[in-house]
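Colleague:
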Amino acid sequence: MHRRTFLAAAPILQSVIADTSRAAVSTSDAPAYKTRDAEIVIHTTKGYPEKWKSIYEKTIKHYADQWGHVGPTHIFLVENTDWDPTTLTHERKAQLEASIRSLKRKFSTLQGHDADGQYLDWQTGNHWAGWSITPAHLTITMTMTPIRDAQQFVIGPIHEYTHALQTAYGFSTEAIDGNRMGHSRWTGPAWWREGSAVLISYLYSYQNPKLFTELKRPMTWERFSHEMNRNLSLYQKANLPIRTGVTHDDWQRLEKINKVHPVVYAGGSVACAKLLQRVGSLKRLFAFLHKVPDLGWEPAFEQHFNLSLKKFYEEFENAISKAQPQMDGDQRKSNWASFLKEMQ
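In this text, residue positions in the sequence shown follow numbering that gives the first Met the number 0: the first is 0, and each later residue adds one.
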């Protein structure tokens with residue numbers, strides 16, 4: 000199932016200056032995202048299944064209560080007409096289509112656009128985070144169906160809200176002035192943005208089985224371990240280092256050779272696992288974000304992890320070249336990810 004989780008810009012950004020390398024941006028133009036007590040608002044299509052809305056909302060609240068209510072964040076839960084076409088009546092289809100049009104208009108209005116929002120591509124199977132500067136707010140859009148993957152109503156919200164946290168802590172006047180809205184300079188390299196979201200969404204799900212109470216199938220260590228070992232295998236087979244997945248342009252190049260997932264997502268999650276191992280706890284990993292607004296992403300990285308980014312790349316590639324994916328559960332092999340089992 001296709002899942003687009005790259006941190007996406009709004010379709011029209013009123014504050015973007017064409018020549019960002021030289022543009023002067025006033026302090027008032029910097030987005031003022033809250034990092035505590037921000038409002039989280041859920042919007043749904045009419046008749047959206049209450050069970051799945053409730054699970055999604057509870058997951059977001061549980062995670063935000065732990066790491067910070069950032070935003071304001073607007074979440075759009077969209078039921079498309081192709082979720083279960085065998086049971087869809089003509090009346091329900093018409094209701095959904097009208098509701099989707101209305102929700103797109105609301106999304107567009109929130110972004111500050113005088114448009115109907117019909118340019119938005121809300122195909123089933125997507126889940127992504129975005130941001131707006133004027134007015135400053137974050138968005139998450141979910142079109143996935145529980146019929147195909149119910150666990151994504153727990154894993155997915157954590158992944159996307161991690162992007163919201165990255166964004167809320169990653170923007171400043173300097174970010175807007177200096178580097179494509181600050182993606183690589185302030186919110187971090189692509190491998191970090193997606194890799195940390197992958198790792199944290201699985202780890203937090205594993206650490207909090209009560210989030211799966213209504214699903215009756217929690218995130219077990221076996222599944223979590225398999226996911227991380229599969230990611231290691233995918234990354235090793237890609238034969239490209241994570242430093243090839245840093246900027247927006249890198250993402251586009253990797254997409255052309257079908258290696259965004261193995262390098263940025265899979266490789267990034269393995270790299271972030273090694274960073275987590277270095278600091279020793281999820282709390283200490285999150286503490287890194289608090290340093291980014293004042294320092295910028297790379298200086299904050301060097302200070303927090305006590306090594307240069309260049310040195311990390313070298314150490315990481317050396318360690319991973321020797322690691323063996325434990326895909327078959329053979330306990331005679333050393334599981335490189337075993338430290339995650341007791342991680343706090």
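Don't be surprised by glycine CBs; every beta carbon is placed ideally from N, CA and C.
Check for me: the alpha helix (DSSP H) holding A270 runs from which residue to which?
Modeller: Where A270 is concerned, the enclosing alpha helix (DSSP H) stretches over G267 to V278.
Colleague: H126 by DSSP, collapsed to three states: which one?
Modeller: Residue state, collapsed to three classes: strand.
Colleague: Check the C-beta distance from S204 over to I154 and give it rounded, since I have them as a contact under 8 Å.
Modeller: The pair is a contact, with the Cβ atoms about 5 Å apart (cut-off 8 Å).
Colleague: At which residues does the beta strand (DSSP E) containing L95 begin and terminate?
Modeller: Unbroken run through L95 is the alpha helix (DSSP H), H89 to L109; no beta strand (DSSP E).
Colleague: Quick check on DSSP: helix, strand or coil for I74?
Modeller: I74 falls in the strand class under three-state DSSP.
Colleague: Is T219 helix, strand or coil when you go by DSSP?
Modeller: The answer is coil: DSSP assigns T219 none of H, G, I, E or B.
Colleague: In chain order, what residues of the same chain lie with their CB nearer than 8 Å to the CB of K103, ignoring the 5 residues before and after it?
Modeller: Hits under 8 Å: D115, G116, Q117, L119 and W121.
Colleague: How close, in whole Å, do the beta carbons of R192 and Q165 come, if the pair is a contact with beta carbons under 8 Å?
Modeller: That pair is a contact at about 6 Å.
Colleague: Once the 5 residues before and after I199 are set aside, which same chain residues still bring their CB inside 6 Å of it?
Modeller: Closer than 6 Å at Cβ, skipping near neighbours: T161.
Colleague: Taking DSSP's pairing of strands, which residues face V40 in a bridge?
Modeller: DSSP lists H73 as partners of V40.
Colleague: Assign E341 to one of three DSSP states: helix, strand, or coil.
Modeller: It is helical.
Colleague: Suppose contacts are defined by Cβ-Cβ distances below 8 Å. Is A270 in contact with F338 by that definition?
Modeller: Result no, Cβ atoms of A270 and F338 do not sit closer than 8 Å.
Colleague: Check for me: the beta strand (DSSP E) holding L137 runs from which residue to which?
Modeller: Here the beta strand (DSSP E) through L137 covers H136 to M141.
Colleague: Leaving out the 5 sequence neighbours to the left and right, which residues in its chain are closer than 8 Å to Y312 when beta-carbon positions are compared?
Modeller: Closer than 8 Å at Cβ, skipping near neighbours: P240, I241 and R242.
Colleague: Candidates I59, G111, Q302 and D293: which alpha carbon is nearest R283's?
Modeller: Cα-wise, what sits closest to R283 is Q302.
Colleague: Where does I256 sit, in a helix, a strand or coil, going by DSSP?
Modeller: In the structure shown, I256 sits in coil (DSSP, three-state: anything other than H, G, I, E or B).
Colleague: Could you check whether L281 and L288 sit closer than 8 Å to each other, using their CB atoms as the reference points?
Modeller: No; because the gap between Cβ atoms is not below 8 Å, this pair is not in contact.
Colleague: Between L264 and the rest of its own chain, which residues show a CB-CB distance below 6 Å, the 5 nearest in sequence each way excluded?
Modeller: Reading the sequence as shown, one finds Tyr at residue 264 and not Leu. Closer than 6 Å at the Cβ level, and outside the excluded window around Y264, lie E193 and V197.
Colleague: Buried or exposed: which applies to H89, given that a residue is buried once 16 or more other Cβ atoms fall within 10 Å of its Cβ?
Modeller: Result: exposed.
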